[in-house]
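Student: Numbering (the UniProt record's numbering), first residue to last: 1 to 626.
Idealized CB from N, CA, C, for every residue including glycine.
Note that the coordinates shown come from a computational prediction; the quantities given were computed from them, not determined experimentally.
Quick one: this structure, given as C-alpha cells, is what I'll be asking you about.
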C-alpha cells in the first residue's frame, strides 16, 4: 500500500500545482508562476487557507497575487502566458457567484487566443445540506447546475470536483490540456466550497515533480510533399504569419525560409513581429488593418502559405484579400482544425519544424529577383507612409498616429506595446515598427476592452527586463483600470499611455462607414433641446483618477510635451501614466482593404442608403476559397 498524506482538497490542489513543469527543447519552465485571487465565502476557507499555509511553509511555492477584478486577473494571466510562449501561466481563483462569472469573459479571451490559463472558481455545496447558499443559481433543470456551467463553452477543459477522489483525474486532465499546444486555452476546475475544505488521504506520488513535454510535431511526409509541390508550382506566393510562428519560437526559421525562397511575409495581429519591420521581405500587416504592401501582394497571390494563423476575418479582409482566381492555400498549423481552413492543404505540425523541413525540401526554388524587388519596393513605399503618419504635425491636438510614432521612437527595441480594443489596434497593426518577436502584444482574438492594463501587468511580470507600454483609450480605461492598484502594490512598472478622445472613437468611425452617424459613441451630456447625447463634453479627468489609485501621472499637451513625458516615464520605478488628448477625426492611412460589417438593407437615412451601396459593392468581392 502506497504512502499517503492527509490534506484538504484545496491544500492538495495547491501542492500539486506547485510541482508542475513544462519542457521544450530541453529547457524546463515552472508551469504555474503564481496565483491571482480574490476571496469570498466560496474560496476563502478552502483555497485561501491552502495558499496561506503554502506561503508560510514554503515561501514562493505558488506566489499569491492580489487582484481587483476577476476578469482583469484572467487577462493578466493570459498576457503572462503569451509573453512566455505558452510554456508558463498563472492560476486564477474566485468565489462563487459574480466572482466566478466575472472570469467568464477572461476565459473566452484565453480560449479564443489559444492561451493557457487555469481557473479555479468556488462552487455550491456538494452536500446540498445548506442549499440554496448565498449567490447560488437555483435551476429547475437540476441541482447539479450552477453559474459555473457558463464556463463550459469557453473552456477547453471543464470539470467539477464533487468528491475528493475525483481531484487527481481533474488536475491531471487540466494540465494535459494546458500543456498541449493544439488544445490549449482556458481550463476550469470548479471546486464546491465544502469539498475544498474536506480532508482526504492522498497518495504521495500525486505531489511528485512532474515535467510535461511540450511537443514539436513534425510534418507527415505525404503532407509535406503535397505542400512542396504546391509551392514549387506557385509564381506569386506569399506567407501569412500568425501567432503560431512566435509561440513556436520559429522566427529564425521563418527568416531563413523567406531568404532562401524569396517568398514575402504578411502578418496577422498575433503574428506581427514574425519578421523585423525592415526585413526586405517583410510586408507588414495583412488584411482589414493591413498595409498596402501586404494587401497588394495578397490580391495577386496564387498561393497563400498560412503559418500558425487561424485566418480571422481581419486577416482575410472578410475573405476579400486574396483575389487571384486560382489562389490556393497551404496551411501549416499545430491543429487540424485550422489547417483545413479555406480548403487548404493542411500540414499539421509545429511551425518551426515545418519551416525547417520546407526550407530543406524546397532547395533551389526561388520566386525570382523581380518578385523580391516588388515586395521590397512596396514595403519601402508603405514605410514612407508610416513616417508621414508619425510626423503629421496636427494642431491643436495631435493625431493618434503621432502618439504611436512617439512611443515607437522612444521605446527600446525589446520593449513591448500592449493594446486590445478601439481604433488603436488597427492603427498599431499598420503603423508599429516591430523590432522584436515579443515586442508587439495586441489582443485581437477577442478584442476585449479592459484587457490593456491588466494585460500590461501580466506581461511585465512575465518579462521584468522589458519596458511595457500600455496603449489605452478612454473607453477601455473606463471599462477596467483597477489593476493599476495591483501594479502599485506589486511595484510593477508599466507605462500607460492614455489617449483621451472623449468617446468610443473606433466604433464612431465604423458607424460612419455603416451609415449610423457616430450614434451612441461620444461621451457627451444629453442636450436639453434635442434630447440626444450630443451636448458638451463630459468633465471626466482620468489622469486624476489614475493618480488617486497611487500611479505617477504625467500630463502632456501636444506631441513635444508627450515625448518629454515618455522620457521621464522611462526613468520611473513603478507604474506611470502619461495622459494626452488627441484628435479622433484623423484616420490612419488606408491599407486598401475591407471589413464585413452589415449595413441596414433599407433605411430612410441618406447616410445609411449610401453606406449600403458601398457595402454591396465590396460584398461582391467576397469569396469562399473552395
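1) Should residue 211 go down as buried or exposed, given a rule of 16 or more other Cβ atoms within 10 Å for buried?
2) Which residue's Cα is closest to the Cα of residue 62: 48, 68, 75, 72?
3) Using only alpha-carbon positions, find the residue among 350, 238, 323, 304 that is nearest to residue 372.
4) DSSP puts residue 346 in a beta bridge; with which residues?
5) Here's a check: name, in chain order, each residue in its chain whose Cβ is nearer than 6 Å to the Cβ of residue 398, leaving out the five neighbours to either side.
6) Report yes or no: do three or more beta-carbon pairs, one from the stretch 107–122 and one from the stretch 188–197, lie closer than 8 Å?
7) Which ranges would you report for the alpha helix (DSSP H) in the UniProt domain "Thiamine pyrophosphate enzyme central" (224–358) if only whole runs of at least 4 residues count?
8) Helix, strand or coil: how does DSSP classify residue 456 here?
9) I need the boundaries of the alpha helix (DSSP H) containing residue 667, first residue and last residue.
10) Compute the Euclidean distance between the alpha carbons of residue 182 and residue 247, then round it to the nearest angstrom.
11) For residue 580 versus residue 327, is the C-beta distance shorter than 9 Å?
12) Go ahead and pull the three-state DSSP assignment for residue 29.
13) Taking the Cβ atom as the reference point for each residue, do residue 618 and residue 320 lie within a distance shorter than 9 Å?
14) Cβ of residue 469 within 9 Å of Cβ of residue 417?
15) Hey, how far is the Cα of residue 631 from the Cα of residue 499?
16) Going along the chain, which unbroken runs of the beta strand (DSSP E) with 3 or more residues stay wholly within the stretch 76–111?
17) What are the start and end residues of the beta strand (DSSP E) that includes residue 498?
18) Quick one: measure Cβ to Cβ for residue 138 and residue 228, integer angstroms, because I've assumed they're closer than 8 Å.
19) Roughly how many angstroms lie between the CA atoms of residue 4 and residue 207, to the nearest whole one?
20) Under 6 Å Cβ to Cβ from residue 204, same chain only, skipping five residues before and after it: list those, please.
21) Just mark residue 445 as buried or exposed, buried being the case when its beta carbon has 16 or more other beta carbons within 10 Å.
22) Using 10 angstroms around the beta-carbon of residue 213, count the other beta-carbons present and answer buried if the total reaches 16, otherwise exposed.
23) Going by alpha carbons, who is nearest to residue 175 out of 22, 333, 140?
24) Under 9 Å, do residue 265 and residue 250 count as touching if we go by C-beta distance?
25) Between residue 289 and residue 591, which are expected to be in contact by the criterion C-beta below 8 Å, what is the C-beta distance as a whole number of angstroms?
26) Should the stretch 456–472 be regarded as contacting the stretch 68–82, the criterion being three or more beta carbon pairs within less than 8 Å?
27) With a threshold of 16 other CB atoms inside 10 Å of the CB of residue 494, please say whether the residue is buried or exposed.
28) Whole angstroms is fine: what's the gap from residue 616's alpha carbon to residue 609's?
29) Can you tell me where the beta strand (DSSP E) holding residue 402 begins and where it ends?
30) Of the residues 185, 534, 193, which one's Cα is nearest the Cα of residue 134?
31) Does the pairing of the stretch 348–355 with the stretch 218–226 give three or more beta-carbon distances under 8 Å?
32) Find out if the Cβ-Cβ distance for the pair residue 93, residue 35 is shorter than 9 Å.
33) Using alpha carbons as the reference points, say which of 105, 518, 9 lies closest to residue 185.
34) Comparing alpha-carbon positions, which option in 474, 280, 572 lies nearest residue 487?
35) Rounded to whole angstroms, what is the Cα-Cα separation between residue 550 and residue 55?
36) Would you say residue 611 and residue 599 are within 9 Å of each other, going by their C-beta atoms?
Tutor: On the basis of the coordinates in this document:
1) Looking at its Cβ environment, which holds fewer than 16 other Cβ atoms inside 10 Å, residue 211 is exposed.
2) The shortest Cα separation from residue 62 among 48, 68, 75, 72 belongs to 48.
3) Minimum Cα distance to residue 372 is reached at 238.
4) The beta-bridge partner set that DSSP reports for residue 346 consists of 331.
5) 559, 582, listed in sequence order.
6) Enough Cβ pairs lie closer than 8 Å, so yes.
7) Considered as a whole, the UniProt domain "Thiamine pyrophosphate enzyme central" (224–358) harbours 243–247, 251–261, 292–300, 336–339 as its complete alpha helix (DSSP H) runs of no fewer than 4 residues, in chain order.
8) When DSSP states are grouped into helix, strand and coil, residue 456 belongs to the helix group.
9) Nothing about residue 667 can be read from this structure; the chain reaches only from 1 to 626.
10) Cα-Cα distance, rounded: 12 Å.
11) Contact flag unset, no.
12) Here residue 29 sits in strand by DSSP.
13) Note that the C-beta distance between residue 618 and residue 320 is below 9 Å.
14) In this structure, residue 417 lies closer than 9 Å to residue 469 by Cβ.
15) Limits of the chain in this structure are 1 at one end and 626 at the other, which puts residue 631 out of reach.
16) Fully enclosed beta strand (DSSP E) runs of 3 or longer: 89–94.
17) Taken as a continuous stretch (DSSP letters only), the beta strand (DSSP E) holding residue 498 covers 495–500.
18) Not a contact, Cβ separation roughly 60 Å.
19) If I take the Cα positions, the gap works out to 10 Å.
20) Residues 3, 5 of the same chain have their beta carbon placed closer than 6 Å to that of residue 204, with the five preceding and five following residues left out of the count.
21) So residue 445 ends up on the buried side.
22) With fewer than 16 other Cβ atoms from the protein chains shown falling within 10 Å of its own Cβ, residue 213 counts as exposed.
23) Selected option, being the one with the closest Cα: 22.
24) No, Cβ-Cβ distance for residue 265 and residue 250 is not below 9 Å.
25) Contact between residue 289 and residue 591 holds, with the beta-carbon distance rounding to 7 Å and staying under 8 Å.
26) Yes: at least three Cβ pairs fall under 8 Å.
27) Residue 494 is buried by the Cβ-count criterion.
28) Note on geometry: alpha-carbon atoms of residue 616 and residue 609 lie some 11 Å from one another.
29) Run containing residue 402: none in the beta strand (DSSP E); it sits in the alpha helix (DSSP H), 400–410.
30) The candidate whose alpha carbon is nearest that of residue 134 is 193.
31) In short, these stretches touch, since the Cβ pair count reaches three.
32) Note that the C-beta distance between residue 93 and residue 35 is below 9 Å.
33) Residue 105 holds the alpha-carbon nearest to the alpha-carbon of residue 185 among 105, 518, 9.
34) Out of 474, 280, 572, the CA that lies nearest to the CA of residue 487 is found in 572.
35) Looking at the two C-alpha atoms, the distance is approximately 27 Å.
36) Yes, they are a contact pair.
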